[in-house]
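Below is one structure, written out as structure tokens; comments come after it.
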Amino acid sequence: MSMSEPILLEVVTPHKRVFSAQVSEVSFPSAANGYYGILPGHTPVMTPLGQGLIYYVQGGEKHWLTAFGGFAEVSSDHVTILARDSETVDEIDLDRAEAARQRALKVLKEAQTESDLSSAQAALDRSITRIQAAGHPGGHGF
Amino acid sequence: MAGLQDIRRRIRSVKNTQQVTKAMKMISAVKLRKSQERLVSLRPYADKMRAVTVSVVGRIMGHHLADELVLGPSAQAFLNPREEKRIRVVLIASDKGLCGGFNANVLKTATAFLEDRNKADVVLDVVGKRAADWARKHGFSSHAEYLGIPLTGVERVSREVCDDAAAQYTRGEIDAFYVIYNHFYSAVAQEPVVTKVFPLDLDAPVIDGKVGVAHLLEPDPNTTLEALLPRFVETEMLRSLLESSASEHGARMAAMDKASNNAGDMIARLTLTMNKIRQASITNQIIEIVSGANA
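Residue numbers (my numbering), protein chains in the order written: chain X, 1 to 142; chain Y, 1 to 295.
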């Protein structure tokens, strides 16, 4: 896009740089307040990142990323996401996510201890986030 | 002909040493690649983490907002720095030697940094046997020793050290937290550095001559800062460990490469001497035979 897109979105995790480019709109899940929608000129905000889907608009099209906790810093012209983990839709292995979901559901039914339950619940949430992200083919917004 | 035998033996021994140094160089190259991969993938995150923390904390300081906020223990370490009486220092060296100036350089830096300080006012953690030996020699009783940490254990170590350091700060036992380690520039260039992890020396970001608008910290300042700052400290510590690990393997690889080359030179020199002696003895024998025939 030669048209200037005013927000620099950077998504980094301890394992890799996931995304870095100019975009025109960003949405990310916060840990406490639901989803934030960011347009250019947003007031500076810093908030813990929740788990869910990030989307950004680039060249008029929506693209999706997963987010698994961390932090988000917003300024008028940039959004920096320090995610514990994050991936692009291309990186998601849908079969693996589906298998993980089945496994987690099975464990949830049979779990005996509190810690088994919570780790299975966390695994289930992660797999659902991935499946949701993979369900957005990207390109056309909705 | 006694010299000839000796030289042959020398050559054999140098060749054996060269085999060992070549193997060590190859092993270091593999380990370097692994450490470097981890480091390079962490760096963008660590850089951003530092930039965000500096920006957020700097603006709060720049606007003197700290007094108005109700701060938790981590935020206090950053936002209410106090006079530096007792410090905690993590000194990162290696377990093994044969890595050129790697240990000597970082330990020299540590000596210079801690020289003027009262030993009782330094809480020292050491990573690596060489650092532990140095501490003992210089009369420091180390608070914790981390020896033989594998690459997979660095996260656990950084979490442990940082949790403990934060708790110590809260109890008023330390006033600052430093890390001394070798910064990795490339396989052949490393440099020891002293980094202050907290409290940060902050310059508030200035935009158009004014400090940038302070961030809204949501859901509330305390929750956000108490989540962010420990994570920042941990990331800095993790990065230092990985920088040091990559530096160590880089330094060892360079040292072993040099050793292999030196061994090669030595073999060439010894071979030359050996051939000269051999030639001299042959010439001698010919002269003896010729002069015998003439007689």
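Each residue gets a CB set at the ideal place from its N, CA and C atoms; glycine is no exception.
Pairwise C-alpha distance: residue j and residue i
i	j	result
X/Gly-37	X/Glu-25	8 Å
Y/Ile-132	Y/Ser-142	Inspection of the sequence shows that residue 132 of chain Y is occupied by Ala rather than by Ile. Using only the alpha carbons, I get a separation of about 7 Å.
X/His-136	X/Leu-65	10 Å
X/Leu-82	X/Gln-102	29 Å
X/Gly-141	X/Ala-120	A caution first: X/Gly-141 carries a pLDDT of 44, below 50, which makes its placement in the model too unreliable to give a value.
Y/Leu-228	Y/Asp-220	12 Å
Y/Gln-76	Y/Asn-261	54 Å
Y/Met-1	Y/Ser-281	Residue placement at Y/Met-1 is poorly supported in this model, since its pLDDT is 48, which falls under 50; the coordinates are not used for a value here.
Y/Gly-128	Y/Thr-152	15 Å
Y/Ala-165	X/Glu-87	33 Å
Y/Ala-120	Y/Arg-33	40 Å
X/Ser-27	X/Gly-70	15 Å
X/Arg-17	X/Leu-9	11 Å
X/Ala-123	Y/Arg-130	42 Å
Y/Gly-264	Y/Arg-8	15 Å
X/Ile-128	Y/Ala-112	54 Å
Y/Asp-95	Y/Pro-150	11 Å
Y/Asp-369	Y/Thr-195	An answer regarding residue 369 of chain Y cannot be provided, because it is not within the stretch 1 to 295 covered by chain Y.
X/Ser-20	X/Thr-80	9 Å
Y/Thr-109	X/Asp-95	52 Å
X/Ala-134	Y/Ala-135	54 Å
X/Gly-139	X/Leu-105	Because X/Gly-139 carries a pLDDT of 44, less than 50, the predicted location of this residue cannot be relied on, and the following value inherits that uncertainty. Using only the alpha carbons, I get a separation of about 32 Å.
X/Ile-194	X/Pro-40	Since the first and last residues shown for chain X are 1 and 142, residue 194 of chain X lies out of range.
Y/Met-253	Y/Ile-180	22 Å
Y/Lys-31	Y/His-249	6 Å
Y/Asp-175	Y/Pro-81	8 Å
X/Asp-93	Y/Leu-65	46 Å
Where residue i sits in the DSSP three-state scheme
i	result
X/Ser-27	strand
Y/Glu-288	helix
Y/Ala-295	coil
X/Thr-113	coil
Y/Glu-83	coil
Y/Lys-210	strand
Y/Arg-296	Given a span of 1 to 295 for chain Y in the structure shown, any question on residue 296 of chain Y remains unanswerable.
X/Thr-129	helix
Y/Ile-282	helix
Y/Ser-94	coil
X/Pro-48	strand
Y/Gly-72	coil
Y/His-249	helix
Y/Gly-3	helix
Y/Leu-241	helix
Y/Ile-149	coil
X/Ala-32	coil
Y/Leu-296	Only positions 1 to 295 of chain Y appear in the structure, and residue 296 of chain Y is not among them; the question remains open.
X/Gly-141	Caution is warranted here: a pLDDT of 44 is assigned to X/Gly-141, below 50, making its placement in the model unreliable, and no coordinate value can be reported.
Delimiting residues of the beta strand (DSSP E) encompassing residue i
i	result
Y/Ser-186	176–186
Y/Pro-192	189–198
X/Glu-73	61–74
X/Val-89	Note, X/Val-89: premise wrong, no beta strand (DSSP E); not H, not E.
X/Val-11	7–12
Y/Ala-144	144–146
X/Thr-43	Here X/Thr-43 belongs to no beta strand (DSSP E), and DSSP marks it neither H nor E.
Sequence-distant residues of the same chain with beta carbon closer than 8 Å to residue i, five excluded per side
i	result
Y/Val-213	Arg-59
Y/Arg-239	Leu-39, Leu-42, Arg-43 and Ala-46
Y/Ile-11	Ile-267, Leu-270, Thr-271 and Met-274
Y/Val-14	Ala-263, Met-266, Ile-267 and Leu-270
Y/Gly-3	Ile-277
Y/Gly-139	Lys-119
Cut-off 6 Å between Cβ atoms - residues of its own chain near residue i, not counting five sequence neighbours on either side
i	result
X/Ser-30	Tyr-36, Thr-47 and Gly-50
Y/Asp-6	none
Y/Glu-293	At residue 293 of chain Y the sequence reads Ala, which differs from the Glu that was named. Counting only Cβ-Cβ distances below 6 Å, and skipping sequence neighbours, we find nothing.
Y/Phe-232	Met-49 and Thr-53
X/Val-107	Ala-120
Close Cβ partners of residue i (< 7 Å) along its chain, the five nearest in sequence each way excluded
i	result
Y/Pro-230	Ser-74, Cys-162 and Ala-166
Y/Glu-226	Gly-72, Ser-74 and Ala-75
Y/His-63	Val-211 and Ala-214
Y/Leu-242	Ser-35, Arg-38, Leu-39, Leu-42 and Val-154
Y/Lys-28	Sequence inspection shows Ser at residue 28 of chain Y; the Lys mentioned does not correspond to that position. Counting only Cβ-Cβ distances below 7 Å, and skipping sequence neighbours, we find His-249, Arg-252, Met-253 and Met-256.
X/Tyr-55	Ser-27, Lys-62, His-63 and Trp-64
Y/Glu-83	Asp-175
Residue span of the alpha helix (DSSP H) that contains residue i, given as start and end
i	result
Y/Asp-164	154–170
Return the chain-ordered ranges of every alpha helix (DSSP H) run that is complete within the segment 97–140 of chain Y and spans a minimum of 4 residues.
102–114 and 129–137
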